[in-house]
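Taking it in order: structure first as structure tokens, then the write-up.
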Amino acid sequence: MKKVLFQSRLVPYLLLFPQLSIVIVFFLWPAAEAVRASFYLEDPFGFGSTFVGFDNFVDTVTSTDYGRVARFTAVFTSLVTFLSLGLALLLAVKADKVLRGSSTYKTLLMWVYAVAPPVAGLIGVLLFDQHVGPIVDFVAIFGWNLNIGVDYYDTAFAMTVTAVWKQVPVNFIFFLSGLQGISKSVQEAASIDCRSGFRRFWTVTFPLLAPTGFFLLIINITYAFFDTFGIVDILVKNEPGNNPVTLVYKVYLDGFRGNDLGGSSAQSVILMALVFILTVIQFRLIERRVHYN
Amino acid sequence: MASVKTVAGLVAAAAMLGTSTLSYAATDISWWHAMGGRLGEVVVDISNGFNASQQACSITPVFKGTYEETLTAGIAAFRAGEQPNILQVFDAGAATIIGAPGAVVPAQDILEGAGVAFNKDDYIEGVRNFYADSAGKMIGMPFNSSTPILYYNVDALKKAGVEAPKTWEEFEAIAPKLKEAGYVPLAQSHLPWIFTENFMSRHNQQFATNNNGYDGAEGTKLVFGEPIKNHFKAVKGWLDQGYFGFYGTGWDDNQTPFNKGEVAMWLGSSGSFGGISKTVEFPFSATYLPYWGSVEGAGTGTFIGGAALFSMAGKPDGENKCVASFFEYLTSPEVQYMWHKETGYVPITNAAYELAKKDGYYETAPAAEIGIKQLTLPGGEWTKGYRMGFYVQIRDVMNREYGKILSGETSVDEGFATIEADGNKLLERFAKTTAN
Chain R
156 MKKVLFQSRL VPYLLLFPQL SIVIVFFLWP AAEAVRASFY LEDPFGFGST FVGFDNFVDT
216 VTSTDYGRVA RFTAVFTSLV TFLSLGLALL LAVKADKVLR GSSTYKTLLM WVYAVAPPVA
276 GLIGVLLFDQ HVGPIVDFVA IFGWNLNIGV DYYDTAFAMT VTAVWKQVPV NFIFFLSGLQ
336 GISKSVQEAA SIDCRSGFRR FWTVTFPLLA PTGFFLLIIN ITYAFFDTFG IVDILVKNEP
396 GNNPVTLVYK VYLDGFRGND LGGSSAQSVI LMALVFILTV IQFRLIERRV HYN
Chain X
5 MASVKTVAGL VAAAAMLGTS TLSYAATDIS WWHAMGGRLG EVVVDISNGF NASQQACSIT
65 PVFKGTYEET LTAGIAAFRA GEQPNILQVF DAGAATIIGA PGAVVPAQDI LEGAGVAFNK
125 DDYIEGVRNF YADSAGKMIG MPFNSSTPIL YYNVDALKKA GVEAPKTWEE FEAIAPKLKE
185 AGYVPLAQSH LPWIFTENFM SRHNQQFATN NNGYDGAEGT KLVFGEPIKN HFKAVKGWLD
245 QGYFGFYGTG WDDNQTPFNK GEVAMWLGSS GSFGGISKTV EFPFSATYLP YWGSVEGAGT
305 GTFIGGAALF SMAGKPDGEN KCVASFFEYL TSPEVQYMWH KETGYVPITN AAYELAKKDG
365 YYETAPAAEI GIKQLTLPGG EWTKGYRMGF YVQIRDVMNR EYGKILSGET SVDEGFATIE
425 ADGNKLLERF AKTTAN
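Sequence lines, in order, name chains R and X. In this note's numbering, each residue's number is its place in the first sequence (first place is 1) plus 155. In this note's numbering, each residue's number is its place in the second sequence (first place is 1) plus 4.
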């Protein structure tokens with residue numbers, strides 16, 4: 156193949172410029188500002204600030220509530236990721252085998268994808284409402300007094316269900332297209348070699364789906380970590396009280412609701428570090444086991 | 005819905021503005037507020053009334069969301085030099101805005117600077133000091149002012165054959181009868197405001213060092229005596245015996261069962277009056293917030309909750325004059341009386357209260373007078389209010405720990421120890437933000 160070279164050395168930089176400037180203005184600059192602010196205690200109106208060194212970090216980590224919020228975030232993220240991936244995979248495998256009416260079935264599973272997280276939260280609030288929620292009435296039949304907003308674990312349950320429900324369709328779409336990308340000849344060869352559908356799935360289909368699965372794993376962890384904000388916000392109705400919240404929601408509570416700029420910046424710096432570590436782990440450890448061809 | 009109405013109001017205001025600018029170049033001033041729904045409509049009515057009353061100034065109200073969102077929007081705008089002329093800030097945010105030197109021009113200075121006669125004694129007792137500095141100078145202009153009172157379902161009390169309680173001891177005596185009659189005897193909508201801040205005021209108890217925080221942020225610490233701890237022990241007992249209903253931290257979650265007639269008595273805001281009278285289908289009335297007769301010196305008045313209007317700094321004199329004339333219009337007895345009648349918030353001046361009395365309003369709606377009467381009850385050393393920074397977070401801590409206490413996750417003493425520890429840490433941090 157013929158090598159194409161730019162005439163001037165500046166042209167590549169010029170072409171990169173729009174992308175780089177977006178990264179700088181919308182990511183690097185705010186991130187640097189957050190790191191700076193995390194070392195100060197600042198009057199919200201910007202009149203004065205005191206340099207406090209690592210105090211904001213120490214106060215954050217040692218506060219009575221931070222550990223509980225971090226634990227909840229970890230459990231919530233794992234549950235949402237695991238359940239939404241698992242359910243979507245199951246549904247996709249089943250949908251792949253449906254012969255008649257498959258498009259209706261698929262559309263029914265996919266439409267939720269179009270619902271925005273705050274709207275999903277709102278639907279969740281209506282379904283789980285203490286006074287009028289149908290789910291509350293339903294589980295009451297079995298003697299479960301579901302009490303959103305009062306009982307910590309009940310609220311956590313409602314959050315998880317709503318977040319999973321919102322995410323399953325995305326995963327479903329990707330898994331289904333992944334399944335349809337597996338060539339018929341491989342599948343036919345596999346069914347000659349092995350009669351057990353269950354075993355065929357784990358030894359042939361699942362490894363071939365791994366690239367899709369890995370991509371979705373990253374997307375889902377990010378979703379459970381950050382994008383569930385709208386669901387959490389609507390479910391706790393802007394009053395955290397004794398309800399579970401995620402780390403990202405706590406950054407918002409302290410920074411935007413409570414105007415504690417230093418403390419909230421420290422929390423977001425901790426989050427940045429966490430996400431960085433998570434990304435390294437994902438690409439170093441998990442991606443090695445994924446085969447792309 | 006609220007925003008649709010606000011937009012409609014804005015269009016109306018803009019239309020009016022259009023007609024007045026034909027002949028005069030009116031000075032425009034902006035007002036960011038947090039009054040949604042019906043309250044937002046009344047805010048638009050007041051603004052239109054002001055614009056129609058004179059030609060020199062034109063005010064535009066803008067709805068900015070919840071109290072917290074409005075304050076945050078105001079702060080962000082101030083930092084960008086785009087602040088509105090008037091910002092509505094709620095009680096828990098008062099320390100943040102008053103503590104920032106140079107963010108606001110005191111309401112008293114604005115009025116006096118524009119040559120408007122100002123006398124602090126014109127304002128009713130419980131309102132006068134809440135948004136003032138430690139020297140008593142009025143910084144914020146009290147706007148929507150309310151105080152916690154007890155609403156009761158008249159039918160429910162009749163059915164149980166009991167009278168509304170004046171003290172918590174009386175409540176304990178009637179609660180079993182109400183429960184027998186098929187009601188949850190009591191609910192409330194805001195534990196930090198009703199059972200903490202105003203509990204302190206109603207029982208004349210110290211809430212924080214440094215004169216409840218008014219004397220400065222540095223070294224301010226929360227003070228919780230035995231009376232409030234005993235109160236929460238009693239509340240937890242009521243909850244366990246079915247005398248008290250707790251439906252979480254949300255305001256409406258706790259008001260709904262009262263509106264539906266499941267709860268017999270509900271502690272809410274005097275500003276809830278307008279909403280309740282439009283919603284409920286049973287006869288209701290109201291009385292003072294009960295207190296413990298066993299606590300010595302109890303029975304003092306409460307202070308206001310709600311929000312005040314702050315005149316933001318950095319605006320030209322001409323606009324500040326318009327803010328002054330708007331404040332003058334807003335505090336006139338007629339406007340205050342209209343606001344009081346439409347919303348249930350208390351009138352903030354004595355003259356407006358007199359006008360409402362003279363008009364015979366309280367003969368037709370005696371419950372509407374409870375809030376203002378409670379605010380004018382004799383005060384004590386600790387009844388003028390509190391001033392604490394990062395107070396939004398402190399309230400969050402209270403809500404969290406109270407939630408734990410009521411669900412049995414922690415004991416009353418441990419809960420209060422955590423509130424004190426976390427709260428004092430926040431106060432200490434806040435003190436560092438203002439120290440230059």
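Even glycine gets a Cβ: it sits at the ideal position worked out from N, Cα and C.
Between the CA atoms of residue j and residue i - distance to the nearest angstrom
{"i": "Tyr-307(R)", "j": "Lys-237(X)", "result": "21 Å"}
{"i": "Glu-385(X)", "j": "Pro-105(X)", "result": "27 Å"}
{"i": "Ile-373(R)", "j": "Val-430(R)", "result": "11 Å"}
{"i": "Ala-189(R)", "j": "Gly-418(R)", "result": "10 Å"}
{"i": "Pro-287(X)", "j": "Ile-280(X)", "result": "10 Å"}
{"i": "Ile-290(R)", "j": "Gly-252(X)", "result": "18 Å"}
{"i": "Lys-225(X)", "j": "Asp-159(X)", "result": "44 Å"}
{"i": "Phe-4(X)", "j": "Glu-285(X)", "result": "Here chain X has residues from 5 to 440 only, and residue 4(X) is not among them."}
{"i": "Gly-413(R)", "j": "Ile-101(X)", "result": "12 Å"}
{"i": "Ala-243(R)", "j": "Thr-360(R)", "result": "15 Å"}
{"i": "Thr-434(R)", "j": "Ala-379(R)", "result": "15 Å"}
{"i": "Asn-214(X)", "j": "Glu-222(X)", "result": "8 Å"}
{"i": "Val-120(X)", "j": "Ala-328(X)", "result": "8 Å"}
{"i": "Gln-340(X)", "j": "Val-178(R)", "result": "52 Å"}
{"i": "Asp-49(X)", "j": "Trp-270(X)", "result": "30 Å"}
{"i": "Thr-151(X)", "j": "Leu-281(R)", "result": "31 Å"}
Backbone secondary structure at residue i - three-state DSSP
{"i": "Met-142(X)", "result": "strand"}
{"i": "Pro-152(X)", "result": "strand"}
{"i": "Ser-273(X)", "result": "strand"}
{"i": "Trp-255(X)", "result": "helix"}
{"i": "Thr-422(X)", "result": "helix"}
{"i": "Phe-181(R)", "result": "helix"}
{"i": "Ala-312(X)", "result": "strand"}
{"i": "Cys-61(X)", "result": "strand"}
{"i": "Trp-36(X)", "result": "strand"}
{"i": "Ala-136(X)", "result": "strand"}
{"i": "Pro-399(R)", "result": "coil"}
{"i": "Gln-378(X)", "result": "helix"}
{"i": "Tyr-127(X)", "result": "strand"}
{"i": "Asn-157(X)", "result": "strand"}
{"i": "Gly-249(X)", "result": "strand"}
{"i": "Ile-352(X)", "result": "coil"}
{"i": "Thr-31(X)", "result": "strand"}
{"i": "Phe-82(X)", "result": "helix"}
{"i": "Val-188(X)", "result": "strand"}
Buried versus exposed call for residue i [16 or more other C-beta atoms within 10 Å across all chains shown]
{"i": "Val-159(R)", "result": "exposed"}
{"i": "Ala-323(R)", "result": "According to the sequence as given, residue 323(R) is Val; it is not Ala. The residue is buried, with at least 16 neighbouring Cβ atoms inside 10 Å."}
{"i": "Gln-174(R)", "result": "exposed"}
{"i": "Phe-262(X)", "result": "buried"}
{"i": "Val-341(R)", "result": "exposed"}
{"i": "Phe-98(R)", "result": "Since the displayed chain R opens at 156 and closes at 448, residue 98(R) lies outside it and no answer follows."}
{"i": "Leu-170(R)", "result": "exposed"}
{"i": "Gln-59(X)", "result": "exposed"}
{"i": "Phe-438(R)", "result": "exposed"}
{"i": "Asp-125(X)", "result": "exposed"}
{"i": "Val-387(R)", "result": "buried"}
{"i": "Arg-350(R)", "result": "exposed"}
{"i": "Phe-211(X)", "result": "buried"}
{"i": "Leu-371(R)", "result": "buried"}
{"i": "Tyr-286(R)", "result": "The sequence given here has His at residue 286(R), not Tyr. Per the 10 Å Cβ criterion, exposed."}
{"i": "Thr-358(R)", "result": "exposed"}
Chain B residues whose Cβ lies nearer than 9 Å to that of residue i
{"i": "Val-207(R)", "result": "Protein chains R and X are contained in the structure displayed, whereas chain B is not."}
Meets three-Cβ-pair contact criterion under 8 Å: the region 223-234 of chain R and the region 387-405 of chain R:
The region 223-234 of chain R is in contact with the region 387-405 of chain R.
Cβ pair count under 8 Å reaching 3, the region 186-203 of chain R against the region 362-382 of chain R:
Contact between the region 186-203 of chain R and the region 362-382 of chain R is absent, because fewer than three Cβ pairs lie under 8 Å.
May I ask you to verify whether the region 293-307 of chain X touches the region 196-206 of chain X, counting CB pairs closer than 8 Å and requiring at least 3?
Contact between the region 293-307 of chain X and the region 196-206 of chain X is present, because at least three Cβ pairs lie under 8 Å.
Determine contact between the region 387-401 of chain X and the region 125-143 of chain X, defined as no fewer than three beta-carbon pairs at a distance below 8 Å.
yes
Which parts of the region 234-279 of chain R are runs of the alpha helix (DSSP H), unbroken and 4 residues or longer, counting only runs that do not cross its ends?
257-265
contact_flag[the region 72-90 of chain X, the region 30-37 of chain X] where n(CB pairs < 8 Å) is 3 or more:
Contact between the region 72-90 of chain X and the region 30-37 of chain X is present, because at least three Cβ pairs lie under 8 Å.
With a floor of 4 residues, list each alpha helix (DSSP H) that falls wholly inside the region 315-366 of chain R, ordered by position along the chain.
339-348, 352-355
So, does the region 287-298 of chain X touch the region 155-172 of chain X, judging by three or more C-beta pairs under 8 Å?
With a cut-off of 8 Å, the region 155-172 of chain X and the region 287-298 of chain X count as touching, because enough Cβ pairs lie within range.
Inspect the CB distances between the region 176-192 of chain X and the region 313-325 of chain X and report whether three or more fall short of 8 Å.
no
How do the region 382-396 of chain R and the region 256-276 of chain R stand: do at least 3 beta-carbon pairs fall below 8 Å, yes or no?
yes
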